[in-house]
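Just so you know, we're using my numbering here: the sequence shown kicks off at 1485 and counts up by one. Just so you know, even glycine gets a beta-carbon here, dropped at the ideal spot from N, CA and C.
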Amino acid sequence: MKKIGIVDTAYSRVDMATVILNQFESQQRADCQPIELVRTTVPGHKELAVGALKLMEEQQCDVCIVLGWVGTKDSDHTSAHEAALAIAMAKVKVSRHILECFVFESHHDESELVEISKNRAKAHLNSALLLASDKEGYAVPSSIGDREGEPNAPVLECSQ
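Structure representation (structure tokens):
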């Protein structure tokens, strides 16, 4: 059975992990291969990489989604950047996908944060399901302007 790990933080203002768990339950179909979700919560951004590594090494997760909430202070942005670097190193270490789903408070109006967080969490779940799939040719589509949690960007046509 394939496993998808979910790592969230106590710092987040929206429970994106529960959004993922609820979405996963609602879209499970009999014709899909069985997949298990494994969740852990860490205190903050800088622990996300270790949380993902532990799920991959100790729980044999095939893919992980890390959920980060980035506050408005400069120190929050610095912490998120440091976390992103650690997550990149963790990906290389395990040679598996760790999908980084960060929501930056300063990039959105307060009124939009819940909806953006929910949309991003669901989109990252869909990407993780595609990556965990064993179906041949079942991969994340390329060059489609996909934006997770926001409107997609228009595709630019190029002549060959």
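Where residue i falls, given that 16 or more other Cβ within 10 Å makes a residue buried
i, result
"Met1573", "exposed"
"Ala1637", "exposed"
"Ser1496", "buried"
"Ala1564", "buried"
"Leu1640", "exposed"
"Asp1560", "buried"
"Lys1557", "exposed"
"Cys1642", "exposed"
"Cys1516", "exposed"
"Asp1546", "buried"
N- and C-terminal bounds of the beta strand (DSSP E) containing residue i
i, result
"Lys1577", "Lys1577 -> not in any beta strand (DSSP E); alpha helix (DSSP H) instead, spanning 1558 to 1578."
"Cys1516", "Taken as a continuous stretch (DSSP letters only), Cys1516 belongs to no beta strand (DSSP E), as it is neither H nor E."
"Asp1492", "1486 to 1493"
"Gly1552", "1547 to 1554"
Residue i versus the options, residue with shortest Cα-Cα distance
i, options, result
"Gly1555", "Phe1588, Lys1606, Leu1537", "Phe1588"
"Lys1577", "Leu1537, Ile1488, Met1485", "Leu1537"
"Met1485", "Gln1544, Leu1532, Gly1528", "Gln1544"
"His1581", "Pro1527, Leu1615, Leu1640", "Leu1615"
"Leu1583", "Arg1604, Asp1593, Glu1566, Gln1511", "Arg1604"
"Val1503", "Arg1523, Gln1517, Pro1518", "Arg1523"
"Ile1549", "Ala1533, Glu1542, Cys1516", "Ala1533"
"Ala1501", "Gln1517, His1608, Ser1595", "His1608"
"Leu1521", "Pro1527, Leu1539, Asp1593", "Leu1539"
"Gly1528", "His1591, Phe1586, Ser1617, Asp1593", "Phe1586"
"Gln1511", "Gly1535, Asn1610, His1591", "Asn1610"
"Ser1579", "His1591, Glu1541, Trp1553", "Glu1541"
heavy atom of the ligand MG below 8 Å from residue i C-beta
i, result
"Ser1611", "What this structure holds is no ligand at all, so the ligand MG is not there to describe."
Nearest-angstrom Cβ-Cβ length linking residue i and residue j, presumed shorter than 8 Å
i, j, result
"Leu1551", "Val1491", "7 Å"
"Thr1664", "Thr1493", "Here the chain comprises residues numbered 1485 to 1644, so residue 1664 is not present and cannot be evaluated."
"Ile1488", "Ala1612", "5 Å"
"Gln1507", "Lys1606", "5 Å"
"Lys1602", "Ala1570", "That pair is no contact at about 26 Å."
Opening and closing residue of the alpha helix (DSSP H) in which residue i lies
i, result
"Gly1535", "1532 to 1542"
"Ala1589", "Rather than Ala, the amino acid found at residue 1589 in this sequence is Glu. Where Glu1589 is concerned, there is no enclosing alpha helix (DSSP H), given that its DSSP letter is neither H nor E."
"Glu1648", "The structure shown does not extend to residue 1648, since the chain is modelled only from 1485 through 1644, so no value can be given for it."
"Glu1599", "1597 to 1616"
Min CB distance residue i to chain C below 9 Å
i, result
"Val1576", "Checking the listed chains, one finds no chain C in this structure; it contains a single protein chain."
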